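Protein chains: 2
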Amino acid sequence: MTIDALDLDIDVARIRRLLDGRWADVRDQARETLRDPVFVPREGLTLDEQRDHIFEQALAISKSDGPKLLFPKEYGGLDEVGGAISGFETQAFGDLSLLVKGGVQWGLFGGTVRNLGTKRHHDRYLEDILSLALPGCFAMTETGHGSDVQSLRTTATYDPATDEFVISTPDDEARKDYIGNAARHGRMAAVFAQLITNDESHGVHAFLVPIRDETGEIQPGVRIEDDGIKAGLNGVDNGRISFDGVRIPRDNLLDRFGTVAADGTYSSSIESENKRFFTMLGALVQGRISISGAAVSAAKKALLIAVRYGDRRRQFKAPDSETEIAVLDYLAHQRVLLPALAKTYALSFAQAELVGELHEVQTECTDDDAARRKLETFAAALKAVSTWHATKTIQDCREACGGAGYLAENQVAGLKADTDVFTTFEGDNTVLLQLVAKTLLTNFQAEFGELDSIGTVRFVAEHVAEVVIERTGARALFQRIVDAIPGTDEDTNLTDRDYQLSLIAFREKHTLEGVARRLKKGFEADEDPFVVFNHAQDHLLLAARAHADARIMEAFAAAVERMEDGDTKVLMSRLADLHALATIEAERAWFLEHNRLTPTRSKAITTAVNDLCHALRPFASDLVEAFGIPDELITAPIARK
Amino acid sequence: MTIDALDLDIDVARIRRLLDGRWADVRDQARETLRDPVFVPREGLTLDEQRDHIFEQALAISKSDGPKLLFPKEYGGLDEVGGAISGFETQAFGDLSLLVKGGVQWGLFGGTVRNLGTKRHHDRYLEDILSLALPGCFAMTETGHGSDVQSLRTTATYDPATDEFVISTPDDEARKDYIGNAARHGRMAAVFAQLITNDESHGVHAFLVPIRDETGEIQPGVRIEDDGIKAGLNGVDNGRISFDGVRIPRDNLLDRFGTVAADGTYSSSIESENKRFFTMLGALVQGRISISGAAVSAAKKALLIAVRYGDRRRQFKAPDSETEIAVLDYLAHQRVLLPALAKTYALSFAQAELVGELHEVQTECTDDDAARRKLETFAAALKAVSTWHATKTIQDCREACGGAGYLAENQVAGLKADTDVFTTFEGDNTVLLQLVAKTLLTNFQAEFGELDSIGTVRFVAEHVAEVVIERTGARALFQRIVDAIPGTDEDTNLTDRDYQLSLIAFREKHTLEGVARRLKKGFEADEDPFVVFNHAQDHLLLAARAHADARIMEAFAAAVERMEDGDTKVLMSRLADLHALATIEAERAWFLEHNRLTPTRSKAITTAVNDLCHALRPFASDLVEAFGIPDELITAPIARK
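Sequence lines, in order, name chains Y and R. In our numbering, each residue's number is its place in the first sequence (first place is 1) plus 93. In our numbering, each residue's number is its place in the second sequence (first place is 1) plus 93.
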């Protein structure tokens, strides 16, 4: 099979509209906002100056519509969560410290007050949070516990004598750590702590704790340390907070899902402590979705810079020629940048679906647990894949720009440093993928609430003779494909979309069934449950990645299907081919091991990826320009227009 | 197959001696030097202060034996190149800006004067270079040309009227760029420029050009710009240098391989311009070897930090248990760190062989072209693999340390930022791998000199009916294995070393033969040579990587074979198994495609890698402590003893 050269007349604006999607107007507004000279980065600032500069820029952002989209209309907001995240994604084309600073204030701190608090908290705080009059922190992670939030050790003990909670940090391992806004600007913190009343613990809840007064003085009993210089995001003032018996009014418990009466009686609408905990955490899913979107935007910016440079940079002459060759004309260079570009498109479409689902779930205020579970699973899967993709792509772009990529002025180094933490914050990627696998294995929501991570897995294996796997989030469009086992027919065209999807979906189904069987066998043999789980951990993670791969490719295929016929659709279809075949190529060992590819077919896929790189290369520039990144934000001399 | 748990009594000091190898005394001396408090990093310095601080530290280094090892005894040196590089590798456990600053001064600038200059240059400059009285630059790369050194555009035109060369930068694309020591401290530069005399160009030569006077004033006609902030290595003052008709005495041509008489007549001991160029470049191979070694050291430091943390950090409880699990007990965590640790050992042993070969070639002052070619090929292959390994491993260690890994105080972030450029400086890795493939394809050294990269390939394909592939640098010990085609026998034990080596060697041989056949076919069909070359580029790079993989595994196997029997040897043998099987696992798609692995066998390899991770996990700590990194250099709170 050979892929022919493409002779196409491309409408870049149309691709951009496709990417911009439902909240295109919000994205355009965010682009306009970022063009303001106030957002031009300043060089040579000290650490404190950087932080203050970012705070000033955040004040400017607070006056735009961006943050308002996250807030209820009663408090000056616009209440359009899908738009808020679309705007956030666009803002990620700009300074990422500014993005994260705002994300902490409006998304995490504001989101906690909104989603875990009740009306009295909203009335008292939301307007000030929106305007940045009350800068706040999201104090969840501790030095000793990040991913395992249920094991946090900060305590909030109710004292009925004074109608107060007493917040305490038992030791340095329980300090709140890496907390944005803590080291310099935060006045109040949403502190996650074990709620104790009448000598009984009711699990982790969130409490509003003042940490500085209006003059910036640190409150008595509060100790704040500076996390100091970080790999990147140095405009954000991360720090550590400890509490030495700090007293706060009972009212400061964010009590949407659990409350304490004056006499200390605890009550909650959700009886199971475990389910309550996951419900609270689930209410914060938008943070994870925002980071996934920001990662995709950062990859786009790096690709724009690398493709512009690769188009322009020439090195080595062709034989019998005096013309030097543009580095993007080399297969090896195409192989680095073009599959990354195709995957970035795929992730954009998957992200748009994810944001759409979030928007539906939140605006319909549904109590549909299944929909929420689906959303959380999709968010966890996509966050892991998007952020790893950003880390890898930005690294590859750095190398593709050679020594020039190492200079700060060319922006790729900064993107690399700033986004590096994305893979571990808002949920460590490995932990998130385990969560995905666990949820896929269950589908037994009623019982789910009571089980811990390994317990859930054991439950599934012990009680379900035949593991029924429904594809979480699979759309009907592709259901028929999932049911079919792809053959190893050498004649099917590799660019047949159904064939591509069926291979990718088969891997998802087969890995999940395999891990379920494996766990069942281990538990039935009554082996140590941790050993059973741990021996299968790589298999679990594989199943989660396979699920993510399938969802992402399906999103790309669906986006192409929705397009009107024409040259632009042909281009997007070829790009989808590249993504599908590069995904299959990367996993071809698995397909060979499971007899879904013959050796000949497997080699043909590599050839097809090469051919697609060659065919798409002339359109690389169009494809990155369609991201719509404002020129004002591309200051890199190697990529200036 | 299952790998049993290991019950071993390990002698860490013995592993360390094995790693320290022939120049253990030099390494120990370098460790002592780095313990001096003068080398404690200072925080919060401005860019210029950082640079000056590094310069002061370099002055301290100049008084140690380290740099002296690179210089001839007549000029105060110790003349022991193998020791010099071993010391450099050890120094890489410390500050990498300091390392690179010294590398520029003594390795690149000093090395150029020594290796391309003649006695009068040595007499005049070497002592001052060694003492840092004459800080210098290695001005090769230009903004427009890095990898393609032959196309540099700076000119040095001889003017017989004044017995001078006139150095000129035609335009900004021909500025010398990324030049260490240029922005602040350099007084003289070894400038690579096209030598023109009597209206004839003789290709690139090196010239000594004063760029600042003794007070630090920039010389007339010289323009210096600052490259500014970089992703890392900010203690090194990189800059851009342009020359506007700067006149230097004829004597300043470094004329070991080509000279100009007073009347402008050019003469050289090497007739072919191309061969002369590659001979000059070859004389600078030690820079590449040094970077390869430094990359391995940086990976070691990151692994020490991540393994200490992974041993200590606990997260999530096992079911029915109150004890949290050390993160290094999770399979997924082991999977990230332990194969990286095994590969780091493999690379250490390969690097030791490389340094040994360099030492032999240089001390024997041999004119053996074949030995030099072998050395350069091995150096190019190992530099590419080592630096990519460092980039990946340090990134993985960052993620393995979670949020803590993102804080500067925990050192991994700095390692990442500083080493990032290693993959593209001292030869872009992709270009180097192409060089490796090209050399492997030829073995026809006499004709080689006259051909460019593609020309060489064409030559091979056109004139050699049967491509004879001798494994460059393969040691006799393993030759028998190369000749054997490994079967797909399911019964061979996966830990059989001969089986492992034969698989890895088969891949090397087969990829190389395949690409040779493919190129031959293309050229015989008279296709456009660039197209033929470009279509096979990924195949060429694969062949080079396969060659590197084989050399590296062979070095590990040989190191284990040399050990005395005992528990420590058993451990190292298991570690070699892990490296071999992880290498085969990573490339198992290729082996499946070429019918060297059955699907069942392929899956068994994955199981074996998991088992080996489990078996080696209790020894992870011993294995990183054996690197012998001084505790004074591990300031990371998460890894302090």
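Just so it is clear, CB atoms sit at the ideal spot from N, CA and C, and this is done for glycine as well. From a predicted model like this one, the values you see are computed outputs, not experimental measurements.
Please tell me whether residue i has its Cβ less than 8 Å away from any Cβ of chain Y.
i                      : result
residue 409 of chain R : yes
residue 367 of chain R : no
residue 328 of chain R : no
residue 194 of chain R : no
residue 423 of chain R : yes
Between residue i and residue j, what straight-line distance do the alpha-carbon atoms span, to the nearest angstrom?
i                      : j                      : result
residue 317 of chain R : residue 344 of chain R : 24 Å
residue 524 of chain R : residue 518 of chain R : 11 Å
residue 475 of chain Y : residue 444 of chain Y : 7 Å
residue 243 of chain R : residue 437 of chain Y : 37 Å
residue 184 of chain Y : residue 123 of chain Y : 6 Å
residue 534 of chain Y : residue 604 of chain Y : 11 Å
residue 611 of chain Y : residue 627 of chain R : 45 Å
residue 206 of chain R : residue 320 of chain R : 25 Å
Assign residue i to one of three DSSP states: helix, strand, or coil.
i                      : result
residue 515 of chain R : helix
residue 359 of chain Y : strand
residue 741 of chain Y : It is not possible to answer for residue 741 of chain Y, since the shown part of chain Y is limited to 94 through 734.
residue 572 of chain R : With a pLDDT of only 46 at residue 572 of chain R, under 50, the local geometry of the prediction cannot be trusted, and the value read off the model is given with reservation. Looking at residue 572 of chain R - three-state DSSP - the assignment turns out to be helix.
residue 287 of chain R : strand
residue 164 of chain R : coil
residue 113 of chain Y : helix
residue 460 of chain R : coil
With a threshold of 8 Å between beta carbons, is residue i in contact with chain R?
i                      : result
residue 555 of chain Y : The predicted position of residue 555 of chain Y is uncertain, since its pLDDT is 47 and thus under 50; a value taken from the coordinates is nonetheless stated next. Not one chain R Cβ lies under 8 Å of residue 555 of chain Y.
residue 134 of chain Y : no
residue 402 of chain Y : no
residue 623 of chain Y : yes
residue 437 of chain Y : no
residue 738 of chain Y : It is not possible to answer for residue 738 of chain Y, since the shown part of chain Y is limited to 94 through 734.
residue 732 of chain Y : no
residue 379 of chain Y : no
residue 322 of chain Y : yes
residue 190 of chain Y : no
residue 412 of chain Y : yes
Kindly identify the DSSP beta-bridge partner or partners of residue i.
i                      : result
residue 229 of chain Y : Y/281
residue 251 of chain R : R/258
residue 619 of chain Y : DSSP output for residue 619 of chain Y lists no bridge partner at all.
residue 342 of chain Y : Y/257
residue 693 of chain Y : DSSP lists no partner for residue 693 of chain Y.
residue 235 of chain R : R/269
residue 735 of chain Y : No statement about residue 735 of chain Y is possible, as the shown extent of chain Y runs from 94 to 734 and does not include it.
residue 500 of chain R : Y/323
residue 410 of chain Y : Y/417
residue 352 of chain Y : Y/360
Short check: CB of residue i to CB of residue j, under 8 Å?
i                      : j                      : result
residue 529 of chain Y : residue 484 of chain Y : no
residue 715 of chain R : residue 119 of chain R : no
residue 639 of chain R : residue 694 of chain R : no
residue 297 of chain R : residue 304 of chain R : no
residue 439 of chain Y : residue 164 of chain Y : no
residue 514 of chain R : residue 496 of chain Y : yes
residue 161 of chain R : residue 223 of chain R : yes
residue 282 of chain Y : residue 334 of chain Y : yes
residue 231 of chain R : residue 193 of chain R : no
residue 449 of chain R : residue 175 of chain R : yes
residue 210 of chain R : residue 349 of chain R : yes
Exercise. Residues in the stretch 697-711 of chain Y with C-beta within 7 Å of chain B's C-beta atoms, listed in sequence order?
Worked result: The structure shown contains no chain B; its protein chains are Y and R.
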